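Trainee:
2 protein chains.
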Amino acid sequence: MNIAIFGCGTVGGGVARILTDMGDLLNERARGDIHLKKIVELTPKTASERFNLPLSLFAGGGKDLTKEEAQKYIDEVIGDKNIDLIVETIGGSNDFVFETALKICRAGKHLVTANKALLALRGKKIFEVAEEHNVSIGFEAAVCGAIPIIKTIRESFTGDSIDSVSGIMNGTSNYILTMMQNEKMDFNDALKMAQQGGYAEADPTLDINGFDASHKLIILIKLAFGIDITLEQLSPIGVKDIEKEDIDFAEEISCKIKLICFGKKIDGKIYATVRPMMVKNDNFLSGVNGATNAVRLVNKYGGRHILVGAGAGSLETASSIVADIVFIARYNNKLSNCISKSQFSFIDAGHFVFPYLIIFKTVDIPGITGLVTTSIGNQQINIDTVSHNRHTKEYAVFSIATTPCTLRQIESAIAEIRKTRPDVLLGDPKIMPILY
Amino acid sequence: MNIAIFGCGTVGGGVARILTDMGDLLNERARGDIHLKKIVELTPKTASERFNLPLSLFAGGGKDLTKEEAQKYIDEVIGDKNIDLIVETIGGSNDFVFETALKICRAGKHLVTANKALLALRGKKIFEVAEEHNVSIGFEAAVCGAIPIIKTIRESFTGDSIDSVSGIMNGTSNYILTMMQNEKMDFNDALKMAQQGGYAEADPTLDINGFDASHKLIILIKLAFGIDITLEQLSPIGVKDIEKEDIDFAEEISCKIKLICFGKKIDGKIYATVRPMMVKNDNFLSGVNGATNAVRLVNKYGGRHILVGAGAGSLETASSIVADIVFIARYNNKLSNCISKSQFSFIDAGHFVFPYLIIFKTVDIPGITGLVTTSIGNQQINIDTVSHNRHTKEYAVFSIATTPCTLRQIESAIAEIRKTRPDVLLGDPKIMPILY
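The listed protein sequences derive, respectively, from chains X and B.
Residue numbers for the first sequence follow the numbering used here, so the first one is 1 and each next one is one higher.
Residue numbers for the second sequence follow the numbering used here, so the first one is 1001 and each next one is one higher.
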């Protein structure tokens, strides 16, 4: 099996390194020879030094490429009958990467990728084209780096039916929350520290607004339940607005705040959401700290499963790509792309019943607690606890824990508060499910 | 693919139930039809009622079978050209089961089994015969029930190199230790409770002497490192001698006692042991309670992985067997039986360097602490802490935590104590590694 790599950055370079290091052992495992034939990369010298790779492997012989030259070499490799499988580690979901993925499949070559944005946002077409051309798409590396969640669902849970999939799937967010929790940092300091430690990118937008986590959940939901959902349907909430006082409220009810991806099947409907949740200290996910990822599945027969591991990193993510290569080589067979028929309908989590913690920031005048609790009661929501009200110079802030209800009910209560007294709420209350 | 099941008890019956329930969905996943054709079972009526299965599926038409009749039907099924795969859920490692497994492979049929004792103690021959006859052995269910650790190693960690595998692999022992820890029960009460709750068998010997956990570790070591080791080489220690005061000593050093399976590769040598260990509260395994199992792997590239799930149970274990059936049907291919070449040598854990906690029970006279600590020092072992000495009517008991050293050093120190004062030690001191 002859392989080419497009994009030799953090992940692609790791793949080249492992392929080179493991050599014969991989051939034994794949029951055939795996050859890395060509790498297309704009700046080969940097990549060559960083990953200790011979310049001769790079298209163009080692000189830096213009985008036009790179495009030419990419087309050459895709047209090369001797190449059987292409690793796409360019990243992003723009037209260029999308078209490249389609061309690879149409040329009858297997595609292995770590590109979660591409598969989550534009994967439907790619999977269809792969199906038409009878090629495999390996994407173990696209969801939670080194954690083998994709193969676990595709190959190990085939004798079962998945009822729910949830977890901590964005290392940057979890690192920030852990620092805020354990070191009492505020959000901006924790983000800076994450960037300095290599746990967050210079532009952390996709991580802190919940989009990256959503990409992973979209892929897992397709795989586990067989349906395609969009980022808009999920309408994720990230960690970027979490404040120190939110962490304090979490502590008061024996919880940790975690950015949770959540998908659950009930009566043939799939509920899903990505948002910060109050995770009870008894729940295993509350103890998953730093950049670590964790995925929790509940199956009909096998019960609860948890997988924990490195969610990112060069060699960590690359090891998943290499496993996909070995799998495709070994079984020389089209991987099935999901394990369930898609007879399910999607319901956004606004209709899902959770207990909630609602954090209200209000002007500091008497009568607010009465107004808020009355409006909540008017929506038939039972109140579990009302926190101590913190009075600062500028505002008052307090939290209310509810018994199980829907987000829609809470939104109606908030609408009523706004209607009764348009001047009291400062910003939108934070509404976080409590996860037991 | 036509299937037969030998033995329709807890696990075999669960398999028949899932095959019947899932039907078309399994066929879709397997990309072919899976038919359950025949079940051989001594008491079909009981099995039929327990798992809601038609009596017509059973060999003999539903009447109870003598052993001779069962043997006849087993031979018939093995000789039947229409049967492609046999699920062995009879259990045990006696000659009858061993010969049956060999016959299945020699007849060119795939074998799927949950039988850890058989594979751990007599698996070498079975794997060889399977190899010769080009058939697959599926044994996902043999190690930690529903946890997909076998396929994870065989199919997902192929782009990596496993450095260590450890974990909690016996639910009965872990349930007993959890009850002793959390409910302050003594061993016998905890065992009784485990039996009443269905977490321990009427004869719990294999569980409480560490043999069952050892069987699983032997299989994982073969799979991860490619070497065959014996139960004698492991010389496991079970939980049966753990006392309440041991739990107290664990609490003093912020640990939980857990029965740990431990295998680690260092410089081409494999160290392995199964014994109760002092697991630091920071270590994830310390929080795995009740009958739950957890496996922890550390890989060269991917780093630390943890898998948690149900280690036993009828449908839980059966779901792993069904996944093996689907996998064999889907890829119609011989599964590779280990992922590493067997160039490693085995070293028993006596040579492995751990920090240890040693619990001494002695006659209650002055001078003992001096004698014990001096003897330990004479073996070049540094002492970390000496616990408060508990004086009861009959004896004194105290613990000593060491810095990292080998079991051999500790045994030499104990020999010296015995030589100096043959009358002071009451029984063998308990020597437990401290796991960070």
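Using N, Cα and C, we set each Cβ at its ideal position, and we do this for glycine too.
A quick note: this is a predicted structure, and the numbers were derived from the prediction, not measured.
Does the count of Cβ pairs from the stretch 1397–1410 of chain B and the stretch 1371–1387 of chain B closer than 8 Å reach three?
Mentor: yes
Trainee: Is there a C-beta anywhere in chain X that falls below 8 Å from the one on residue 1304 (chain B)?
Mentor: yes
Trainee: Please say whether residue 1180 (chain B) and residue 1278 (chain B) have beta carbons closer to each other than 8 Å?
Mentor: no
Trainee: For residue 299 (chain X), is the classification buried or exposed, using 16 other Cβ atoms within 10 angstroms of its Cβ as the cut-off for buried?
Mentor: The residue in question, residue 299 (chain X), is buried, as its Cβ has 16 or more Cβ neighbours within 10 Å.
Trainee: Quick check: what's the CA-CA separation for residue 239 (chain X) versus residue 345 (chain X)?
Mentor: 28 Å
Trainee: Taking Cβ-Cβ distances below 8 Å as the criterion, which residues of the stretch 1148–1173 of chain B are in contact with chain X?
Mentor: 1148, 1151, 1152, 1155, 1156, 1157, 1158, 1159, 1160, 1161
Trainee: Identify every residue that forms a DSSP beta bridge with residue 1357 (chain B).
Mentor: Residue 1357 (chain B) is bridged by DSSP to B:1401, B:1432.
Trainee: Among X:64, X:228, X:172, X:55, which one has its Cα closest to the Cα of residue 202 (chain X)?
Mentor: Nearest option by C-alpha distance: X:172.
Trainee: Using a Cβ-Cβ distance cut-off of 8 Å, determine whether residue 1331 (chain B) contacts chain X.
Mentor: yes
Trainee: Any idea if residue 24 (chain X) is buried or exposed, counting beta-carbon neighbours within 10 angstroms, 16 or more meaning buried?
Mentor: exposed
Trainee: Buried or exposed: where does residue 1254 (chain B) fall if 16 or more other Cβ atoms within 10 Å of its Cβ makes it buried?
Mentor: So residue 1254 (chain B) ends up on the exposed side.
Trainee: Where does the unbroken alpha helix (DSSP H) through residue 1215 (chain B) begin, and where does it stop?
Mentor: Boundaries of the alpha helix (DSSP H) harbouring residue 1215 (chain B): 1211–1225, taken from the DSSP string.
Trainee: To which residues does DSSP link residue 1385 (chain B) through a beta bridge?
Mentor: B:1401
Trainee: Determine the chain B residues that contact residue 443 (chain X) at a beta-carbon separation under 7 Å, and present them in chain order.
Mentor: Here chain X has residues from 1 to 436 only, and residue 443 (chain X) is not among them.
Trainee: Residue 1309 (chain B) versus chain X: which residues are under 8 Å apart at the beta carbon?
Mentor: Going along chain X in sequence order, the residues near residue 1309 (chain B) (Cβ under 8 Å) are 302, 303, 304, 305, 306.
Trainee: Of the residues B:1067, B:1250, B:1241, B:1236, which one's Cα is nearest the Cα of residue 1260 (chain B)?
Mentor: B:1236
Trainee: Kindly indicate the opening and closing residues of the alpha helix (DSSP H) around residue 1129 (chain B).
Mentor: 1116–1132
Trainee: If we ignore side chains and look at the alpha-carbon of each, how far apart do residue 140 (chain X) and residue 411 (chain X) end up?
Mentor: 38 Å
Trainee: For residue 1322 (chain B), return the contacting residues in chain X, with the cut-off set at a CB-CB distance below 9 Å.
Mentor: 158, 159, 160, 301
Trainee: Can you give me the C-alpha to C-alpha distance between residue 30 (chain X) and residue 85 (chain X), rounded to a whole angstrom?
Mentor: 14 Å
Trainee: Considering only DSSP beta bridges, list what residue 278 (chain X) is partnered with.
Mentor: X:257, X:434
Trainee: Just mark residue 1272 (chain B) as buried or exposed, buried being the case when its beta carbon has 16 or more other beta carbons within 10 Å.
Mentor: buried
Trainee: Would residue 298 (chain X) count as contacting chain B if we go by Cβ distances under 8 Å?
Mentor: no
Trainee: Drop a sphere of 10 angstroms on the beta-carbon of residue 283 (chain X), count the other beta-carbons inside from all chains shown, and report buried for 16 or more, exposed for fewer.
Mentor: buried
Trainee: Does DSSP classify residue 1369 (chain B) as helix, strand or coil?
Mentor: helix
Trainee: Between the Cα of residue 1425 (chain B) and the Cα atoms of B:1199, B:1396, B:1050, which residue gives the shortest distance?
Mentor: B:1396
Trainee: Roughly how many angstroms separate the alpha carbons of residue 189 (chain X) and residue 110 (chain X), rounded to a whole number?
Mentor: 43 Å
Trainee: Tell me, to the nearest whole angstrom, how far the beta carbon of residue 159 (chain X) is from that of residue 1319 (chain B); I am working on the premise that it is less than 8 Å.
Mentor: 4 Å
Trainee: Just checking: is the beta-carbon of residue 319 (chain X) within a distance shorter than 8 Å of some beta-carbon in chain B?
Mentor: yes
Trainee: By DSSP, does residue 301 (chain X) sit in helix, in strand, or in coil?
Mentor: coil
Trainee: Are residue 1306 (chain B) and residue 1294 (chain B) closer than 8 Å when you measure CB to CB?
Mentor: Contact flag set, yes.
Trainee: So, does the CB of residue 1327 (chain B) fall closer than 8 Å to a CB anywhere in chain X?
Mentor: yes
Trainee: If you follow the alpha helix (DSSP H) that residue 1415 (chain B) is in, where does it begin and where does it stop?
Mentor: 1407–1420
Trainee: Looking only at DSSP bridge pairs, what is residue 58 (chain X) linked to?
Mentor: X:39
Trainee: If we cut at 8 Å on Cβ distances, does residue 146 (chain X) have a partner in chain B?
Mentor: Chain B has a Cβ within less than 8 Å of the Cβ of residue 146 (chain X).
Trainee: Based on Cα-Cα distance, which residue from X:394, X:149, X:44 lies nearest to residue 69 (chain X)?
Mentor: X:44
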